[in-house]
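Chemist:
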Amino acid sequence: MMVVDNSTGVLYFSTGHPSGLYDASLRPGPNLYSDSVIALDAATGKMIWYYQINSHDVTEHEGGWSISLVQVNVGGTTKKVIVQAAKSNYVYVLDAASGKPVYDPIKIGPPSSNSPNDNAGSSSDLTLSQRVMVGKRICPGPDGGVEMSPAMHDGTLFVVTQNACGLMTTGPVTYKGQTIDGYIYNGDPSAPQNSTLYAISLSNGQTNWKFEMPFRYQGSSSVVSGGVVYVTDRSGVLYALDEQSGKVLKSINLGGLGAAGISFGETLRGEEALFVPAGGGDIPSPTPGVVIAFTLPSNTTGGGGGIGIQEITSIALGVVVVIMALYIIAKRGARRGVV
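Under the numbering used here, the first residue of the sequence shown is numbered 88, with each subsequent residue one higher.
1. Measure the Cβ-Cβ separation of Met-239 and Ser-308 and say whether it is below 8 Å.
2. Could you give the DSSP three-state label for Leu-244: helix, strand or coil?
3. Would you mind reading off the limits of the beta strand (DSSP E) that contains Val-159?
4. Who are Ser-123's beta bridge partners in DSSP?
5. Helix, strand or coil for Met-88, going by three-state DSSP, please let me know.
6. Could you check what DSSP says for Val-145 in three-state terms: helix, strand or coil?
7. On the DSSP bridge list, what partners appear for Glu-359?
8. Excluding the 5 residues flanking Ala-130 on each side, which residues of the same chain have their C-beta closer than 8 Å to its C-beta?
9. If you follow the beta strand (DSSP E) that Val-316 is in, where does it begin and where does it stop?
10. In the DSSP assignment, find the unbroken beta strand (DSSP E) run with Ser-308 in it and report its ends.
11. Name the residue from Arg-303, Asn-204, Lys-334 whose alpha carbon lies nearest to the alpha carbon of Ala-346.
12. How far does the beta strand (DSSP E) with Gly-274 in it extend, from its first residue to its last?
13. Along the chain, where does the beta strand (DSSP E) containing Thr-165 start, and where does it finish?
14. Spatial neighbours of Gly-258 within its chain, please: C-beta separation below 6 Å, excluding the five flanking residues on both sides.
15. Going straight from the alpha carbon of Leu-108 to that of Val-260, what length do you get?
16. For a test of the three-state rule: what should DSSP assign to Gly-196, helix, strand or coil?
17. Check each candidate in Val-233, Ala-111, Cys-226, Ser-211 and name the one with the smallest Cα separation from Ile-193.
18. Give the DSSP bridge partners of Lys-337, in chain order.
19. Would Asp-92 pass as a contact of Leu-156 if the rule is Cβ separation under 8 Å?
20. Does the separation of the CB atoms of His-74 and Ser-211 fall below 8 Å?
21. How is the beta strand (DSSP E) around Gly-253 delimited, first residue to last?
22. Using the Cα positions of Gly-116 and Val-170, report the straight-line distance between them to the nearest angstrom.
23. Looking at Asn-340 and Val-324, is the spacing between their C-beta atoms short of 8 Å?
24. What did DSSP end up calling Gly-345 once you bin it into helix, strand or coil?
25. Use the C-beta contact count for Met-88: other C-beta atoms within 10 angstroms, 16 or more gives buried, fewer gives exposed.
26. Smallest Cα separation from Ala-286: which of Val-124, Lys-223, Asp-110, Ile-195?
27. For Gly-429, does the three-state DSSP call read helix, strand or coil?
28. Please classify Asp-191 as buried or exposed, where buried requires at least 16 other C-beta atoms within 10 Å of its C-beta.
29. Quick one: what's Val-377 bridged to in DSSP?
30. For Arg-114, which three-state DSSP category applies?
Given below as structure tokens:
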């Protein structure tokens, strides 16, 4: 993902890891500009600054699928900052003009293990090979950490990390049409599989509250609106939490895989609605995909107990109706010999 500051004409984006399949010792050095946040002049393409979060990455812990430009109050001064949450479970808040950290990277999630170059800066081992990690549990795992887009509102970042680990093994990989020895980094099913939602003040990097979820969180971005934070974990449970306190206001089992982003919109009647996709193949077998729409009371607000979110009502599974209608039409056409 990328973001553009229309007032300055600066384009911001992040880059991925150099490659986890091949022996990292064959690419010595910091491997610029992998695992980096980069600012370019949108008109000319000239680089203005870059900030590398991991030098010589060997654990595939680049920035997640998000980068944000926001204004925050830091030390009594309003400034534009770039926010990048990474698979390493570090959150970076950078000055948008210079690329320098506003404060030290914020570490979230459980302690890391066997991730030697994560946020290591000048102490990174620039000749490291994955072979030193073979057979070891690496935390966070290859999918993070933080992978999906956080939400932001009123100077607070709402970010979810999945607390899962991985294992490094050796195996055959393909290179220029040939099979060679390489490294394969997969999830470790024997390790804990859960996740945590953090509410972090972007003014000082402090955690306001956190909420533990019993399952992994991957594929679904978090959303905040009307004083309520919405997240869907991998098991398909939608949580609605008070923005200020983290108190659970409502939880709904969607009956399918929770691996797609939540969005807001309007119904045909002009009512505000929450649209939540569910379904797919993961837990433990494939389920049909649906989009569920929930209407919200017009006075929905957070910041306390009287939020009214208990009145959420499912109003449509229109995608199912459409698919069934198309299926019936197709079957009727087939019976009549229509192609």
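A virtual CB, placed ideally from N, CA and C, is assigned to each residue, including glycine.
Modeler: Taking the definition as stated:
1. no
2. strand
3. 155-161
4. Gln-139
5. coil
6. coil
7. Glu-353
8. Gly-96
9. 315-319
10. Neither: Ser-308 is in no beta strand (DSSP E) and is coded neither H nor E.
11. Arg-303
12. 265-274
13. 164-172
14. Ile-271
15. 7 Å
16. coil
17. Val-233
18. Ala-327
19. yes
20. Not covered by the structure: residue 74. The range shown for the chain is 88 to 426.
21. 253-262
22. 26 Å
23. yes
24. coil
25. exposed
26. Ile-195
27. A question about residue 429 goes unanswered here, because the residues of the chain that appear run from 88 up to 426.
28. exposed
29. Ala-365
30. coil
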